[in-house]
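Q: Once you've had a glance at the structure underneath, I'll fire off some questions.
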Amino acid sequence: MNVDKAVLSFAGVVVLLGLGLGWIVSPYWFLLTAFAGVNMIQASFTGFCPAAIVFKKLGFRSGNAFS
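Take a look at the structure:
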């Protein structure tokens, strides 16, 4: 798995986790989903993604979006 796929998978998990916790625990958890969305938009414009940096350090190979 490369960094791009790992970042997309991680973002999907964070979005679903935020939705689930927002539905079951507290509506404040929807802020986690909003944060993930804002971070994805920001990364699409700037190319900077903290999760990509972490995945690179964990040994994932570079992809097209985050090299």
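Each residue of the sequence shown is one higher than the last, beginning at 1463 in my numbering. Cβ coordinates follow ideal geometry from the N, Cα and C atoms, glycine included. Note that the structure is a prediction, hence the values are computed from the model and not measured.
Which residues mark the beginning and the end of the alpha helix (DSSP H) in which F1517 is found?
A: Within the sequence shown, the letter at position 55 stands for residue 1517. Looking at the DSSP string, the run of the alpha helix (DSSP H) that includes F1517 is P1512 to K1519.
Q: Does N1501 come out as helix, strand or coil in the three-state DSSP assignment?
A: The residue given as residue 1501 occupies position 39 in the sequence shown. It is helical.
Q: Going by the beta-carbon positions, is the gap between V1475 and A1514 smaller than 7 Å?
A: Numbered from its first residue, the sequence shown carries residue 1475 at position 13. Numbered from its first residue, the sequence shown carries residue 1514 at position 52. Against a cut-off of 7 Å, the Cβ pair of A1514 and V1475 comes out as no contact.
Q: So the alpha helix (DSSP H) F1528 belongs to, where does it begin and stop?
A: One-based indexing of the sequence shown puts residue 1528 at position 66. For F1528, there is no enclosing alpha helix (DSSP H), as DSSP marks it with neither H nor E.
Q: If you drop the 5 nearest sequence neighbours on each side, which residues of the same chain put their C-beta closer than 8 Å to that of N1526?
A: In the sequence shown, residue 1526 corresponds to position 64, counting from 1. Same-chain partners within the cutoff: D1466.
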